[in-house]
Amino acid sequence: MTRTPDQDFQRDFQAAYARLAVAAEGSAEQAGALADTLGATQLEYSRVRGVSLEDQLRFAHVLNRACENGAQLDARGFLARLGADDLQALQRNMGLAEPIRVEALSEEGARNLLLPEGYSVDLDGDGITEVGAAKIRHFPPRDAPQAFLDQWLALTAGMDGAAYSNARDGLQWAFDIRAMAGQPLATDQLASYRTAVDDYLGMLAEHRHALVPGQYERDLPLYQALRQRLA
Numbered sequence: 000m001t002r003t004p005d006q007d008f009q010r011d012f013q014a015a016y017a018r019l020a021v022a023a024e025g026s027a028e029q030a031g032a033l034a035d036t037l038g039a040t041q042l043e044y045s046r047v048r049g050v051s052l053e054d055q056l057r058f059a060h061v062l063n064r065a066c067e068n069g070a071q072l073d074a075r076g077f078l079a080r081l082g083a084d085d086l087q088a089l090q091r092n093m094g095l096a097e098p099i100r101v102e103a104l105s106e107e108g109a110r111n112l113l114l115p116e117g118y119s120v121d122l123d124g125d126g127i128t129e130v131g132a133a134k135i136r137h138f139p140p141r142d143a144p145q146a147f148l149d150q151w152l153a154l155t156a157g158m159d160g161a162a163y164s165n166a167r168d169g170l171q172w173a174f175d176i177r178a179m180a181g182q183p184l185a186t187d188q189l190a191s192y193r194t195a196v197d198d199y200l201g202m203l204a205e206h207r208h209a210l211v212p213g214q215y216e217r218d219l220p221l222y223q224a225l226r227q228r229l230a
C-alpha cells in the first residue's frame with residue numbers, strides 16, 4: 000500500500016536523516032537511523048532488489064537534498080541537476096529497469112522518484128501513480144476507508160506475493176467492471192468494497208466451470224472471509 004506524504008513528512012524525514020548523517024559507519028545506530036529515514040517498506044524493497052548499503056545511503060542523501068531544495072515544487076528541475084551517480088542510485092533504489100531520462104518524465108513521475116517506497120503522489124488524481132516513466136495502479140486505493148484497510152491488512156497478513164496479487168486482482172476486477180458499465184464504485188466508501196466482494200463472489204458462482212483450474216477453490220474461501228469481515 001502507498002500513502003500520500005502528510006504535512007509532517009519532510010520534517011520527520013530530515014530529522015531522521017540528521018541522525019543518519021552523524022552515525023558511525025557500520026554501526027547499529029547507522030542501521031537504525033537508515034530504517035527511520037527511508038522506512039521499513041523501502042528497506043524491504045532494497046533487500047529484495049539487492050541494493051547495496053552505499054546506494055541506500057546515497058539515496059537517503061539525495062532525498063534529503065530534495066527536501067532542502069524544495070524539489071516538491073520542481074522535481075524535474077531538481078533531477079536534471081543531479082549527477083550520473085545520483086541518478087543511478089535512484090534507479091537502483093526504485094527498481095527501475097532503464098536509466099532515468101529526466102526529459103521524458105512528467106512532474107508526477109519525477110516527484111515519486113524522490114519519495115521512498117510506501118509513499119507517492121497522484122498529482123492528476125487519475126488513480127494511476129507515475130514513478131519515473133512507469134505507471135502503477137495501487138490497491139487498496141489511497142482514499143480507501145480505514146475500516147476496509149484494517150480488515151484487508153488482517154486478511155492478507157503473511158501472504159506471499161502471488162497470494163496477495165490474487166486477492167487484490169479480484170477486487171480490482173470488480174471495481175473495473177462496475178466502472179466500464181457506467182456504475183463506478185466510490186473508493187472512499189466502505190459499502191463499495193462490500194459490493195465489490197459480492198460481485199466477485201457472484202462471478203465465481205456463475206462462471207465456476209469456466210475458471211482456470213483451482214481458481215474457484217482458491218478464491219471462494221478468501222472472499223467469503225473478507226465479506227464476513229466487512230459485514
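Numbered by numbering that gives the first Met the number 0, the letters in the sequence shown go through residues 0 to 230 in order. The C-beta atom is built at its ideal place from N, Cα and C for all residues, glycine as well. These numbers come from a predicted model, not from an experiment.
Pick helix, strand or coil for residue 18, following the three-state DSSP scheme.
Three-state DSSP puts residue 18 in a helix.
Tell me whether residue 106 sits in a helix, a strand or coil according to DSSP, three-state version.
Residue 106: helix per DSSP, three-state reduction.
Please report how far the alpha carbon of residue 109 lies from the alpha carbon of residue 34, in whole angstroms.
Each residue's alpha carbon lies about 23 Å from the other.
Any idea what DSSP makes of residue 129, helix, strand or coil?
In this structure, residue 129 counts as strand in the three-state DSSP scheme.
Measuring CB atoms only, is the stretch 124–133 touching the stretch 84–98, in the sense that at least three cross pairs come out at less than 8 Å?
Contact holds: three or more Cβ-Cβ distances are below 8 Å.
Short of 6 Å in beta carbon distance, which residues of its chain neighbour residue 88, apart from the five on each side in sequence? Order them along the chain.
Closer than 6 Å at the Cβ level, and outside the excluded window around residue 88, lie 54, 57, 58.
Looking at C-beta atoms only, is the number of pairs between the stretch 110–120 and the stretch 70–77 that lie closer than 8 Å three or more?
As far as the Cβ criterion goes, the stretch 110–120 touches the stretch 70–77, which means the pair count is three or higher.
Quick check: the Cα distance between residue 188 and residue 143, rounded to an integer number of angstroms?
Whole-angstrom Cα-Cα distance: 7 Å.
Between 170, 224, 211, 120, which has its C-alpha nearest residue 5's C-alpha?
When only C-alpha atoms are compared, the closest one is 120.
By the 10 Å Cβ neighbour count, where 16 or more other Cβ atoms means buried, how is residue 122 classified, buried or exposed?
Per the 10 Å Cβ criterion, exposed.
Per DSSP, what kind of secondary structure is residue 141 in: helix, strand or coil?
Three-state result, residue 141: coil.
Can you give me the Cβ contacts of residue 3 inside the same chain, cut-off strictly under 8 Å, excluding the 5 residues immediately before and after it?
The residues are 118, 119, 120, 121, 141.
Which class does residue 80 belong to by DSSP, given the choice of helix, strand or coil?
Coil at residue 80, not helix or strand.
I need the straight-line Cα distance from residue 75 to residue 107, nearest angstrom please.
The alpha-carbon atoms of residue 75 and residue 107 are separated by roughly 9 Å.
According to DSSP, residue 207 sits in a beta bridge with which residue or residues?
Per DSSP, none; premise fails for residue 207.
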